[in-house]
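Each residue of the sequence shown is one higher than the one before, starting from 1 at the first, in the UniProt record's numbering.
Just so it is clear, CB atoms sit at the ideal spot from N, CA and C, and this is done for glycine as well.
The structure under discussion appears below in the form of structure tokens.
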Amino acid sequence: MRYCLLQGENGLQFIAIPKDHMYQLVALIHRLHKEIDKLTAKEKPTLPIVLAECSELEILSPHCEIISGLDYINELEKSFNDVQETEYPLISLLTEIRAFQAQLEYLAEEV
1 MRYCLLQGEN GLQFIAIPKD HMYQLVALIH RLHKEIDKLT AKEKPTLPIV LAECSELEIL
61 SPHCEIISGL DYINELEKSF NDVQETEYPL ISLLTEIRAF QAQLEYLAEE V
């Protein structure tokens, strides 16, 4: 398991993700950052900034929690699914998110 440290609008987020899938998570977030400005919808999802990744994490603050990668991707998918976009082919971004979501769901079932 690896941990991705994200800086979001509500503070830091610690995402736990299988080590073989960390690259996909980081690449997906970077791709979404690249594409989000192309959306013409008034309401766009707020994306976090990837700050770091690590293999060990000890949370010392009771105000912080570790979020599972699947829970994070589910919320990300919901935020993009709720966008009312008319110009940009949003389905291409949703397809990428959902493909990664399916991989994480499969891994969760295997455990």
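Asked, Found
"Alpha-carbon spacing of K19 relative to L12, whole angstroms", "20 Å"
"Bridge-paired residues (DSSP) for S79", "Partner(s): none; S79 has no beta bridge."
"Burial state of L90 (16 or more Cβ within 10 Å)", "buried"
"Per DSSP, cross-strand counterpart(s) of R2", "I17"
"Distance between D37 and Y88 (C-alpha atoms, nearest Å)", "10 Å"
"Proximity below 8 Å, CB of Q7 to CB of P48", "yes"
"Same chain only: Cβ atoms within 6 Å of S55, ignoring 5 sequence neighbours per side", "R2"
"According to DSSP, residues forming a beta bridge with G8", "G11"
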